[in-house]
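Notes follow the structure.
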Amino acid sequence: MTASSSPFELEIVATGRPRLVQSLRELWGYRGTILAFAERDIRVEVTAEEACGAEGSVVGTLLVSW
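Letter by letter, the sequence shown follows residues 0 to 65 of numbering that gives the first Met the number 0.
Dropping the structure here:
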């Protein structure tokens with residue numbers, strides 16, 4: 000079977016830029032996922048600081064801001 004005789008056909012329709020309200024609604028729909036990722040990042044950072052102690056926290060902050 001060649002590419003031209005394929006039983007499936009893909010059609011891409013460009014509708015222009017999405018509207019701001021539509022984009023915000025979609026973002027709001029993913030708020031749980033976004034918050035879960037943010038919470039995970041904060042937990043990992045706090046856990047790393049606790050494992051290193053106060054000195055590790057200060058050194059880590061200096062290295063990141065340098």
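C-beta: ideal position from N, C-alpha, C; glycine also.
*Taking just the CA atoms, how far does E44 sit from V57?*
Position 58 of the sequence shown, counted from the first residue, corresponds to residue 57. Position 45 of the sequence shown, counted from the first residue, corresponds to residue 44. In a straight line, the C-alpha of V57 is about 13 angstroms away from that of E44.
*Quick one: grab the DSSP three-state call for G15.*
Here residue 15 is taken as the residue at index 16 of the sequence shown, counted from 1. It is coil, neither helix nor strand.
*DSSP three-state assignment for E8, whether helix, strand or coil*: The residue you call residue 8 lines up with position 9 of the sequence shown. Reduced to three states, the DSSP call for E8 is coil.
*Length of the line joining the Cα atoms of L62 and G52*: The count along the sequence shown starts at 1 and reaches residue 62 at position 63. The count along the sequence shown starts at 1 and reaches residue 52 at position 53. Going by the C-alpha atoms only, they are around 16 angstroms apart.
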